[in-house]
Amino acid sequence: MKKILLSLAMIVVVAGAVAGGTIAFYNDTETSTGNVFTAGSIDLTVDHTKASYNGEECKTCHLEIVSNSTTQVGINPAVELSVVHPAWTADLDGEHVAGMPNDGANDGSKWIWITDGPTIPTLDQEYTFDRSFEWNGTASDATLYLATDNLYTSVKLNGNLIGATANPDNFTSASEDVFAGVEGFLVQGTNVLQVTVRNIGLGGSTPTSNPAGLLFKLEIDGTCDGQNGIFHYQNTPDDPTCQLWGPKDLDGSEYYFDFDDVKPGDEGTNLISLHVDDNDAYACLIPNNIHNDENVVVDPELTALPVNDTTAIGLENGELGNELEFFLWEDNGDGAYQLLEPILAGPGTTLAQIQTEMVALQLTGNGPTEYVGLAWCAGDQSLSGSNILCDGNGMGDIAQTDKLLAYLTAYAVQVRNNPGFECGDVELEDGNPE
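Take the sequence shown: its letters are residues -19 to -1, 1 to 415, numbered as in mature numbering (1 follows the signal peptide of the UniProt record, and there is no 0).
See below:
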């Protein structure tokens, strides 16, 4: 039966061909749509949450938090408005320059909104603006200056309600609000100022005739004995400054260390956290572009050189890089080494050795914050249980007046398809660490 059917089919095909017609075979097509390849990403942000120098914590002395594009509206940055309405005369107690241009003259504060003007000015629109900032130390005073068009339904500091207003004209110098004494709402570390603003819709209006905006400044003073800098190590010689910051992309202006009078036995700690979005990553802290400068040479240093060898004197012949020792560990967030916390680079590691010695930290994309603890010592560094010891006797005169400059670069690379990754294999471009 199979052969007969096959023969008939062949006859039909031949007959159709002779007649000059076409043959239509039964067919069916199934198509899958939406096939997309999207490249993944590794977006690394870094923060510096704690630092100490000879036992003194880095503390905030004075801080001004102002409205600008670092304020967030959900996951998006606020927009600094290109046009300031003439009726917006709020001056934040005289420090803000009202009117055009909206350039943050004087105190840096700028009128902001979710877009450059209201999207639908004929309807009520309400948005919540968040501004995160870091504070460390004791606050003696904090005052918030606030102006909105039109009104704000709440302003909170770390979830604590400060106030609200139903005044639809909260944008003039006469009607702007001032809240003094809010220092009690501050916490150590990351703080969040949150303002929920409503623009009242007007029928037939335009973004120009019915604008929307938010302007604020939060001034905080710490107990720093009249020092003028933002961050300081208290009760230390020469009043060295320091920096702390929340998670962000570094722009090159940040530093972890800035000491101009290091003595044998000096020591310090830093707490650094790393964050990645989307993908799991290996992360390393890599000192690079290291300049070990001789600086100037004084008699004790000259005497300490091997057989008074003056050929060892030169721009890149400094010895301080060999006299400073470092210890890195995976910290739980308190900034103090504890037994069983994984060691990333053992005590006694020099700055130049950190990259090859460091065990890569593994970060989870959009996962919990991972912290790196770092301790440094001018001398011989060692561990005794959970105590990090620093013996200044190990640092001789040979390093006097020397200057050590370097970048400290946070590096992240994907985990997937990257077996056997080691921090020592990373090659970074050099720059100028000055």
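All residues carry an ideal CB built from backbone N, CA and C; glycine is no exception. The model shown is predicted, which means the values in this text are computed figures rather than measured ones.
Between glycine 194 and leucine 62 a beta carbon distance of about 6 Å is seen, short of the 8 Å cut, so the two are scored as contacting. When DSSP states are grouped into helix, strand and coil, alanine 145 belongs to the coil group.
Per DSSP, the beta bridge partners of aspartate 24 are Asp258. Between asparagine 139 and asparagine 172, the CB-CB gap stays under 8 Å. Using a Cβ-Cβ distance cut-off of 8 Å, the stretch 154 to 166 and the stretch 125 to 137 are in contact, since at least three pairs of beta carbons, one from each stretch, lie closer than that value. For serine 113, the beta-bridge partners assigned by DSSP are Val173. Beyond the five residues adjoining it in sequence on each side, proline 58 comes within less than 8 Å, by CB distance, of Ser50, Thr51, Thr52 in the same chain, given in chain order.
For glycine 302, the uninterrupted alpha helix (DSSP H) run begins and ends at 301 to 304, by DSSP.
By the beta-carbon neighbour count (other beta carbons within 10 angstroms, threshold 16), serine 48 is buried. Sequence-distant Cβ neighbours of alanine 79 in its own chain, meaning closer than 6 Å and more than five residues away, are Thr70, Asp72. Under DSSP, tryptophan 226 shares a beta bridge with His29. Annotation: aspartate 242 to alanine 359 spans about 11 Å, alpha carbon to alpha carbon.
Taking asparagine 87 as the centre and dropping the five residues before and after it, the same chain places the C-beta of Glu76, His77, Val78 closer than 8 Å to its C-beta, in chain order. Within the model, the alpha-carbon separation for cysteine 404 versus leucine 370 is close to 26 Å. The beta carbons of glycine 302 and leucine 409 sit about 17 Å from each other, so the pair does not count as a contact at 8 Å. With contacts defined by Cβ atoms closer than 8 Å, leucine 132 and threonine 250 do not form a contacting pair.
The beta strand (DSSP E) runs lying completely inside the stretch 226 to 253 and spanning 3 residues or more are 226 to 229, given in chain order. Its Cα nearest to that of arginine 397, the residue Tyr263 stands out among His43, Tyr318, Tyr263, Ile324. Under the Cβ criterion (8 Å, minimum of three pairs), the stretch 108 to 116 does not count as touching the stretch 140 to 158. Distances from the alpha-carbon of phenylalanine 307 to those of Ala326, Gly348, Asp130, Asp406 put Ala326 closest. In the pairwise beta carbon analysis, the stretch 312 to 319 is classified as not touching the stretch 339 to 348: fewer than three pairs are separated by under 8 Å.
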